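I have placed the structure first, in the form of structure tokens, so that the comments after it can refer back to it.
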Amino acid sequence: MSTDSTPDRPTPGASTRTITTLAQVFTPHDNVVYTANDFRQTLRIVFAGMIALSVSSFYNTQYGVFFVVYPLMLLSLVPVFNRQVATQFICSAAINCVEMVLIVGFLSQWPVIMTLVVFALYVMRFRFMSQGPLFLFGSMGVVCQSTMLNFMSYPGNDWHTLLFSNIEASVMAVCLSALMNYLLPDVEPRVRPPAIQKDAARVRHESLLSGTVATLVFVVFQVCNLSDSLSALMAAILTLFPMHYRGAVLSSLWRVVGVTIGCLYILVVQLLLYNHSSHMLLMMPLIGLGLGFGARLHVMEKVGAGVGFASVTTIGIMFGQNLHPEQDLVFSDLYRIVSVSASLLLTLTMVFLMHIILNRFAATRYIVGGPG
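For the sequence shown, the working numbering gives the first residue as 69, with consecutive numbering after it.
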């Protein structure tokens, strides 16, 4: 993927800037860096999320979370649209579907072999992310692989519906990204982010650390039968996107804050509407307002998957899964906050241990000198 379509990456002082921008969202300041391009990207995220949620709710899709979260992730993490973005996104979903059928269909009776294959695929995808040009292909592959393994590993889920939903949601995400970038294009050309130079040891460190922890998360969810904890699973996987220990710590803090903000907003919305929370015409403006808040914070942070991104995806996952008549979101809010916090704590512990182990060998040693 070309440099101009590379997702935002953390920069020095990212933690401090996140706290600053979070405060600035509530109170206006003259020195807030919020450009015309940022405003356009905010609108693209909001309108794409509302359209995706409307389509998912209208057709009452079984796996609505795909249809809502995929467009939000694509438009949030990749601020431009081109042929390479579309190709990587759709190819990642298609290849992942084939892999999941082969893995779950043929290897589920041999758990050890299945786990080793899952580990190999995770390492390969995180290696793509670490090297850079295929970052979107690798990152969406990690998300798809984690989500689909979680759904397909438990009896009662229709594989055909799941596979087609994944492909359809990916195509819809690309179409919405193309449409939003056509209707709301950037006002001025975006500056290409500087390329990050990595030596072979760092690439091996990042891919092995992230791949190992992602596999361990998969094993924990299988052993503990956590089929209803998709939000906790996604929190653990997205925390690994920085691919090193210090970045994972910052990402976890951002994730907890973003999830809490998103859940509290959803709780307020349901309390305001009370028995009318199943009416789309009443819900959609409030959902758009919440997405707008999270999207504005996201583009102001400029750290990739920060607080704003966590808030946006929280709203997308919650409403994508639970926006149905007589569905109570209050318990889901509280359960989500607790499960995400526990998941992040467990993930960080495993990241720390793997970080120590890998740094004992010169071939996989990487000492983080900064957040980048």
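Every residue, glycine too, gets a C-beta built ideally from N, C-alpha and C. Everything numeric in this text was worked out from a predicted model, so none of it was measured.
Range of the contiguous alpha helix (DSSP H) that encloses residue i
i       : result
Pro-179 : 179 to 199
Ala-161 : 151 to 175
His-273 : 268 to 291
Val-220 : A quick correction: the sequence has Met, not Val, at residue 220. Start and end: 203 to 220.
Phe-107 : 104 to 126
Ser-297 : Note, Ser-297: premise wrong, no alpha helix (DSSP H); not H, not E.
Phe-232 : 227 to 251
Phe-429 : Taken as a continuous stretch (DSSP letters only), Phe-429 belongs to no alpha helix (DSSP H), as it is neither H nor E.
Tyr-434 : Segment: none, Tyr-434 is in no alpha helix (DSSP H) and carries neither H nor E.
Val-327 : 313 to 341
Gly-360 : 348 to 369
Gly-224 : Neither: Gly-224 is in no alpha helix (DSSP H) and is coded neither H nor E.
Tyr-131 : Taken as a continuous stretch (DSSP letters only), Tyr-131 belongs to no alpha helix (DSSP H), as it is neither H nor E.
Option nearest residue i by Cα separation, candidates the options
i       : options                               : result
Thr-415 : Ser-238, Thr-307 and Ile-181          : Thr-307
Ser-299 : Met-248, Asp-106 and Val-137          : Val-137
Ile-119 : Gly-356, Met-368, Val-367 and Leu-412 : Gly-356
Tyr-131 : Phe-420, Phe-387 and Tyr-333          : Phe-387
Pro-147 : Val-185, Leu-184, Leu-402 and Tyr-250 : Tyr-250
Leu-330 : Phe-309, Thr-280, Tyr-434 and Phe-361 : For the sequence presented, residue 330 should be read as Gly rather than Leu. For Gly-330, the nearest C-alpha among the options comes from Phe-361.
Tyr-434 : Ala-373, Ala-241 and Met-311          : Met-311
Gln-290 : Leu-413, Asn-128, Arg-428 and Val-172 : Val-172
Met-220 : Asp-267, Leu-170 and Leu-244          : Leu-170
Thr-229 : Leu-332, Thr-129 and Met-422          : Thr-129
Gln-42  : Tyr-102, Leu-413, Gln-109 and Ser-122 : Nothing in the structure corresponds to residue 42, since the chain is present only between 69 and 440.
Gln-152 : Ala-263, Leu-294 and Ser-245          : Ser-245
Leu-413 : Phe-399, Leu-301 and Phe-429          : Leu-301
Gln-158 : Val-242, Pro-261 and His-273          : Just to set this straight, residue 158 is Ile in the shown sequence, not Gln. The option with the nearest alpha carbon to Ile-158 is Val-242.
Val-460 : Ser-233, Cys-292 and Pro-253          : The structure shown does not extend to residue 460, since the chain is modelled only from 69 through 440, so no value can be given for it.
Asn-293 : Val-317, Ala-410 and Pro-223          : Pro-223
Met-248 : Asn-150, Pro-261 and Met-348          : Asn-150
Arg-108 : Ser-176, Ser-409 and Leu-252          : Leu-252
Tyr-127 : Ile-305, Met-168 and Met-348          : Met-348
Arg-193 : Ser-407, Phe-429 and Thr-280          : Thr-280
Arg-272 : Phe-399, Val-259 and Ala-430          : Ala-430
Arg-270 : Phe-196, Val-337 and Arg-260          : Phe-196
Asp-106 : Pro-262, Arg-258, Leu-321 and Ile-424 : Arg-258
Phe-205 : Ala-154, Trp-227 and Ser-409          : Ala-154
Phe-399 : Ser-297, Ile-424 and Met-240          : Ser-297
Ser-409 : Ile-424, Arg-428 and Leu-321          : Leu-321
Presumed contact (8 Å Cβ cut-off) between residue i and residue j, rounded CB distance
i       : j       : result
Val-210 : Tyr-190 : 7 Å
Val-325 : Val-375 : 5 Å
Ala-378 : Arg-323 : 5 Å
Ala-104 : Glu-236 : Ala-104 to Glu-236, Cβ: 33 Å. No contact.
Val-288 : Arg-404 : 18 Å between Cβ atoms; not a contact.
Leu-202 : Gln-265 : Wrong, their Cβ atoms sit about 17 Å apart, outside the cutoff.
Phe-135 : Ser-124 : 4 Å
Gly-358 : Ile-383 : 5 Å
Ser-411 : Ala-303 : 5 Å
Met-182 : Leu-175 : 4 Å
Within 8 Å, strictly: CB atoms of residue i and residue j
i       : j       : result
Leu-426 : Thr-432 : yes
Phe-420 : Thr-283 : no
Phe-286 : Leu-217 : yes
Asp-401 : Leu-335 : yes
Asn-164 : Gln-213 : yes
Leu-142 : Gly-117 : no
Leu-332 : Met-422 : no
Ser-319 : Ala-373 : yes
Ala-161 : Ser-238 : yes
Ser-458 : Phe-309 : Shown here, the chain extends from 69 to 440; a query on residue 458 therefore has no answer.
Val-337 : Leu-354 : yes
Residue i at chain D interface by Cβ criterion, 8 Å
i       : result
Val-239 : Annotation note: the requested chain D is absent from the structure, which comprises a single protein chain.
Exercise for the section: Say whether the region 108 to 127 touches the region 355 to 371, bearing in mind that this needs 3 or more beta-carbon pairs closer than 8 Å, one atom from each stretch. Expected result: Contact between the region 108 to 127 and the region 355 to 371 is present, with at least three C-beta pairs closer than 8 Å.
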